[in-house]
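A.B. asks: Below is the structure I would like to discuss, written out as C-alpha cells.
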Amino acid sequence: MMFSVLRRRAAYALTAAALALFMQISPGPQPLLADETGGGAKSSKSETKPEASKEAVSETDAVELQACCDAMNKLVPKLKFKDMAAHENFSEIGRRIKRIANALKNGGVLFSPDGTAENVPLEKLDKMLADENERLEEAKKALSRTQKELDEMTAAAQYIESGSPEKPAICPAKGVYTLTQDEKLRYRIKCGVHGGSEEIRAKLYEKAMKNTEPGRFCRGNMSAIVGACERYAIDYGVPAEWRTEELIEEGYLEGEYVCPAGGVYEIKGGGAKDFTCSCSVHK
Ligand SMILES: [Zn+2]
Ligand SMILES: [Zn+2]
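In the working numbering, the protein residues as written are 495 to 777.
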C-alpha cells in the first residue's frame, strides 16, 4: 500500500510536491474538533473556475520561490529530529484520538492502524477519548517551546544543514527564517521575504496550473487527493465522509487542489483502502 502511495506521489511531479516534505513536520493532530459543517467530500473552491492571478509569478520569481522552499525543506528534518521521541508520542496519541473521534461519528466503528475495524460501545469510546485527551495535555508540555528556543533551534538547524556557519541553508533573497509553533504545536517556518509555506505553495501551484494541460493537471490533483486519503486512513481510519478541508487542516494536503476547468471533486471509498477521487469534468 505504501508503495502505491509513493508511486502516485512520484507521478505527481508538480512543484507543489516539494512542499509535502515540509508538511511532514506536523507532530500530529489534536482531538478532532466537532465538525458541524458536514460539507461533504467536495472541495469548496472547486465550484467556480479560478480567476487568473492578478500578479503572475514570473519564471525568475518561481525559481527563487522554489529555492526558498527547498531551503526550508532542508531545515525541517533537522528541527523535527530534535524532539523526535516527544513528537512521536504526541502524534501517536493524536492518531488514537482521531480514530476514536471518527468512530464516534461512525456509529462506533473503530478502525485499527492495520485497517481492521471493530464495534465499540459509544460510552466506552467516550471514556477512551477522555483518557487520551488527558495524555495529550501531558505530551503537549514536552513540546511547547518559547520563541527564544525556537530561534535557537532555527539557527542550530541552519548550521547543521550547512556544516558551516558560512554556508547555512538560506533563502536566495536572504530572507530571514522565523520558526513558530501553531496551535497544534506544529512547526511553521516563514521567510521574511517570501512568506510562509502556504503562500509560496499557492503561488507555485497557480503557475503550474497555468503551464500544464488542464486534464493532466486535474489528474495530478486527483492522484494527490487519493494519496492523502490513503495516508489519512492509515493514521486515523476512514471518516464517515471525506472533507478536503480536513485533509488540508491535518497536513495531508499542502493546500487547496482546484480543477482548472472548474470541475467538482468527489471522493469515494468506504473501506480502509481503494479510494477514488473523480472530477465532474475530467472523470
Ligand atoms: Zn525566502
Ligand atoms: Zn477536472
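Even for Gly, the Cβ is constructed at its ideal location relative to N, Cα and C.
(1) Check the C-beta distance from Met-716 over to Cys-773 and give it rounded, since I have them as a contact under 8 angstroms.
(2) Where does Lys-777 fall in DSSP's three states?
(3) Hey, how far is the Cα of Thr-770 from the Cα of Cys-712?
(4) I want to check one thing, is the minimum distance from the CB of His-776 to the heavy atoms of ligand 1 below 6 angstroms?
(5) Let me confirm a value: Lys-762 is counted as buried when at least 16 other C-beta atoms fall within 10 Å, else exposed. Which label applies?
(6) So, helix, strand or coil for Glu-617, using DSSP?
(7) Counting contacts by CB-CB distance shorter than 7 angstroms, is Glu-677 in contact with chain C?
(8) Are the beta-carbon atoms of Leu-698 and Leu-559 separated by less than 7 angstroms?
(9) Let me make sure I understand the geometry here. Which of Lys-635, Val-732, Leu-644 and Cys-685 has the alpha-carbon closest to that of Asn-600?
(10) What separation, rounded to the nearest whole angstrom, lies between the Cα atoms of Arg-817 and Asp-577?
(11) When you compare only the Cα positions, how much space is there between Thr-610 and Arg-680?
(12) Using three-state DSSP, classify Gly-714 as helix, strand or coil.
(13) Are there 16 or more other CB atoms within 10 angstroms of the CB of Lys-684, so buried, or fewer, so exposed?
(14) Could you check if Gly-757 belongs to the surroundings of ligand 2, using beta carbon to heavy atom distance under 6 angstroms?
(15) Using 8 angstroms as the threshold, is the region 626-639 in touch with the region 582-591, meaning 3 or more CB pairs across them?
(16) What is the DSSP secondary structure of Leu-598, reduced to helix, strand or coil?
C.D. replies: In short, the structure shows the following:
(1) Taking the sequence shown and counting its residues from 1, the one referred to as residue 716 is at position 222. Taking the sequence shown and counting its residues from 1, the one referred to as residue 773 is at position 279. That belief holds up - the Cβ atoms of Met-716 and Cys-773 are roughly 6 angstroms apart, short of 8 angstroms.
(2) Here the question's residue 777 lines up with position 283 in the sequence shown. Coil, per DSSP.
(3) Taking the sequence shown and counting its residues from 1, the one referred to as residue 770 is at position 276. Taking the sequence shown and counting its residues from 1, the one referred to as residue 712 is at position 218. Straight-line Cα distance between these residues: approximately 14 angstroms.
(4) Here residue 776 is taken as the residue at index 282 of the sequence shown, counted from 1. No, ligand 1 has no heavy atom inside 6 angstroms of this Cβ.
(5) Taking the sequence shown and counting its residues from 1, one reaches residue 762 at position 268. It is exposed - the Cβ of Lys-762 has fewer than 16 other Cβ atoms within 10 Å.
(6) Position 123 of the sequence shown holds residue 617. Helix, per DSSP.
(7) Of the protein chains in this structure there is only one, and it is not chain C.
(8) Stepping through the sequence shown from its first residue, residue 698 is reached at position 204. Stepping through the sequence shown from its first residue, residue 559 is reached at position 65. Yes. Within cutoff.
(9) Here residue 600 corresponds to residue number 106 of the sequence shown, with the count starting at 1. With distances taken between Cα atoms, Asn-600 lies closest to Val-732.
(10) With the chain running from 495 to 777 in the structure shown, residue 817 is simply not present.
(11) For the purposes of this step, residue 610 is identified with residue 116 of the sequence shown, where counting begins at 1. For the purposes of this step, residue 680 is identified with residue 186 of the sequence shown, where counting begins at 1. Their Cα atoms are separated by approximately 29 angstroms.
(12) Along the sequence shown, read from residue 1 onward, the residue named residue 714 stands at position 220. Gly-714: helix per DSSP, three-state reduction.
(13) To locate residue 684, count along the sequence shown from 1; it is residue 190. Buried: at least 16 other Cβ atoms inside 10 Å.
(14) Working through the sequence shown from its first residue, we reach residue 757 at position 263. Yes - ligand 2 has a heavy atom lying nearer than 6 angstroms to the Cβ of Gly-757.
(15) yes
(16) Here the question's residue 598 lines up with position 104 in the sequence shown. Helix, per DSSP.
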